[in-house]
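First up is the structure itself, then whatever we jot down about it.
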Amino acid sequence: MTLTPETNRLALRGDLLDFSAAPGWGELESAAVRFQPDSWLLIENGRIVGTQSAAPDASWQQQDHSGRLILPGFIDTHVHCPQLDVIASYGTELLDWLERYTFPAECRYADPVVAASGAARFLDALLAHGTTSAVVFPTVHKASVEALFEAAAARGMRLITGKVLMDRNAPPALLDDPDDVAGAERDCIDLISRWHGQGRLAYAVTPRFAPTSSPAQLAMAGALCRADDSLYMQTHVAENRAEVRWVAELFPEARSYLDVYARVGLLHPRALLAHCIWLDEEDKRVLAASGAQVAFCPSSNLFLGSGLFDWPAARAAGLAVSVASDVGGGTSLSLQRNLLDGYKVQALLGHRLSAWAGLHAATRGAAEALGLAQEIGHFGVGTLADVCVWDWAVGPVAEARDAVVRSLHERVFAWMALSDERNLVASYVAGHPRFIRAQLLRSQDSSD
Ligand code: GUN
Ligand code: ZN
């Protein structure tokens, strides 16, 4: 075959792991797990074109990561860009945490210079944690949305975000004008027309949560979703008990917190609801019927003392669940750290989260939830090569543990529980290296 001059062929060697489908809950040996030890992942012009055990020919640029783990890039389905500045803030539950730490940090994003540098720092941090796609909250300020879309486009990343809608119960610097709902609507429509569907970018209608939007603003958000079913929607629901009580006071006509959103048409297959801890059976039925998705945020739920999300109960109700860091409520962008927290939350409820269920939720499961499985989340032919290379073990404890594993699940579970961003060797976005560990760069320099 003759190659056009611009054909770009990259082959990565390592232990390839991805999923062909969802593994069963608690299943430790699963046909859905595709593990190809010491194999080559073939990437042509940014897309995966196959895997094979033999080395490819010299038309391929070869990168030998043998003895390392290669996974699809992680997908964080709920994270806040401006909250890197308040990660690990002491001593509060949700509502006080918002008031004392989070809202002041978000006020700074009114400045487009702060928003631009914050967006760049945030996306580089995601890439340095093995997360190549994300669903992100910026702030209420239009400039913060522009900054995120621009920074994601510059990195070629799949990113879903949208202007945060809030017009009450927060500092004035974070509020849309409550007497001009059409003003915030115009901002959204303008951002949608310029960014939604551009390359790998998509817009999410983003009412922060019921307490910070007037009924009129929530109705406007619902109307935006109804007008274009390709739009995503992201919000928070039923995270904290004081929050749930407050919503009951603010919306006495609603049957439940979730019902506030259901009534205005915010629940649909492209809706992502973070937390969902304090839903009742009727809520779960309504949510499942709507096709909306749950983002489980274990680190945040533990750190803010919000509660324990029952994953098997959500599954039994027919809900799709992905895993999210919810930084700055969560204390790490590392999805392995979040999965380990998720394991502990499930253990407290008497369940066990397998490495397969966890890693599937952070890759293919999230891609399917977002309707993006044709693009990301696995190594299927034709998907974009968002791929991360990881060390199996870093440091004497993890190395000793890795040396004595007796099964694939045991090995991958120990990796999930003991690894974090220090294990990351490289992140590729559509075949381009966007993060390379400094040590690796130094050793490449010295071998030149
Ligand atoms: N509920 C409303 N806003 C927020 C937020 O920024 N973080 C979390 N964890 N919950 C919220
Ligand atoms: Zn959140």
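Quick note, the sequence shown lines up with residues 1099 to 1546 if you use the working numbering. All C-beta atoms, glycine included, are put in the ideal place defined by N, C-alpha and C.
Check the C-beta distance from residue i over to residue j and give it rounded, since I have them as a contact under 8 Å.
i: residue 1475; j: residue 1465; result: 3 Å
i: residue 1191; j: residue 1403; result: 5 Å
i: residue 1424; j: residue 1398; result: 4 Å
i: residue 1109; j: residue 1181; result: Their Cβ separation, rounded to whole angstroms, is 38 Å, which puts residue 1109 and residue 1181 out of contact at 8 Å.
i: residue 1426; j: residue 1200; result: 7 Å
i: residue 1173; j: residue 1232; result: 7 Å
i: residue 1260; j: residue 1221; result: Incorrect: roughly 16 Å between the Cβ atoms, too far for contact.
i: residue 1210; j: residue 1241; result: 4 Å
With a threshold of 7 Å on Cβ separation, who are the neighbours of residue i within its own chain once the five nearest residues in sequence on each side are excluded?
i: residue 1099; result: Below a pLDDT of 50, predicted positions are generally treated as unreliable, and residue 1099, at 48, falls in that range; no measurement from the model is reported.
i: residue 1506; result: 1133
i: residue 1205; result: 1269, 1271 and 1272
i: residue 1428; result: 1395, 1397, 1398, 1401 and 1436
i: residue 1163; result: 1110, 1111, 1112, 1487 and 1523
i: residue 1444; result: 1409, 1450 and 1451
i: residue 1345; result: 1308, 1309, 1355 and 1358
i: residue 1124; result: 1450 and 1452
Ignore the nearest five residues each way along the sequence and tell me which others in residue i's own chain have a CB closer than 6 Å to its CB.
i: residue 1367; result: 1389
i: residue 1467; result: 1391, 1418 and 1420
i: residue 1317; result: 1362
Which residues in the same chain as residue i place their Cβ atom closer than 8 Å to its Cβ, once the five residues preceding and following it in sequence are excluded?
i: residue 1324; result: 1363
i: residue 1360; result: 1384 and 1388
i: residue 1193; result: 1338, 1340, 1341 and 1344
Taking only beta-carbon atoms, is residue i less than 9 Å away from chain B?
i: residue 1162; result: Within the model displayed, chain B is absent; a lone protein chain is all it includes.
Return the chain-ordered ranges of every alpha helix (DSSP H) run that is complete within the stretch 1274–1299 and spans a minimum of 4 residues.
Listed in chain order, they are 1279–1293.
Got a list of residues with beta-carbon closer than 6 Å to any non-hydrogen atom of the ligand GUN, in chain order?
Per the Cβ criterion, the list is 1178, 1192, 1196, 1200, 1306, 1307, 1334, 1337, 1398, 1424 and 1427.
What ranges does the alpha helix (DSSP H) occupy inside the stretch 1137–1215, keeping only unbroken runs of at least 4 residues that lie completely in it?
Complete alpha helix (DSSP H) runs here, min 4: 1192–1195 and 1201–1205.
Which runs of the alpha helix (DSSP H) fall wholly inside the stretch 1324–1376 and span at least 4 residues, in chain order?
Secondary structure within the stretch 1324–1376: the alpha helix (DSSP H) runs of 4 or more consecutive residues, fully enclosed, are 1339–1348 and 1355–1361 (chain order).
Does the stretch 1142–1155 come close enough to the stretch 1466–1485 to have 3 or more Cβ pairs within less than 8 Å?
Taking 8 Å as the limit for Cβ pairs, the verdict is that the stretch 1466–1485 does touch the stretch 1142–1155.
contact_flag[the stretch 1221–1231, the stretch 1264–1280] where n(CB pairs < 8 Å) is 3 or more:
No: fewer than three Cβ pairs fall under 8 Å.
If we require 3 or more residues per run, which beta strand (DSSP E) segments fall completely within the stretch 1402–1462?
If we require 3 residues or more, the beta strand (DSSP E) runs fully inside the stretch 1402–1462 come out as 1418–1421.
Length-filtered (3 minimum) beta strand (DSSP E) runs lying within the stretch 1517–1542:
Taken in chain order, the complete beta strand (DSSP E) segments of 3 residues or longer contained in the stretch 1517–1542 are 1522–1527 and 1530–1534.
Validate contact between the stretch 1151–1170 and the stretch 1492–1499 using beta carbons, cut 8 Å, 3 pairs
The stretch 1151–1170 vs the stretch 1492–1499: no contact.
Would you check if the stretch 1298–1305 and the stretch 1328–1346 touch, i.e. whether three or more CB-CB distances between them fall below 8 Å?
They touch, by the three-pair rule.
Can you confirm whether the stretch 1306–1316 touches the stretch 1249–1267 when touching is taken to mean that 3 or more C-beta pairs between the two stretches lie within less than 8 Å?
Taking a contact to require three or more Cβ pairs closer than 8 Å, the stretch 1249–1267 and the stretch 1306–1316 qualify as touching.
Go through the stretch 1207–1263 residue by residue and report every complete run of the alpha helix (DSSP H) that reaches 4 residues or more, in order.
As far as the stretch 1207–1263 is concerned, its whole alpha helix (DSSP H) runs of at least 4 residues are 1210–1225 and 1240–1253.
I want to know whether the stretch 1405–1418 touches the stretch 1442–1454 - three or more CB-CB distances under 8 Å.
Yes, they touch.
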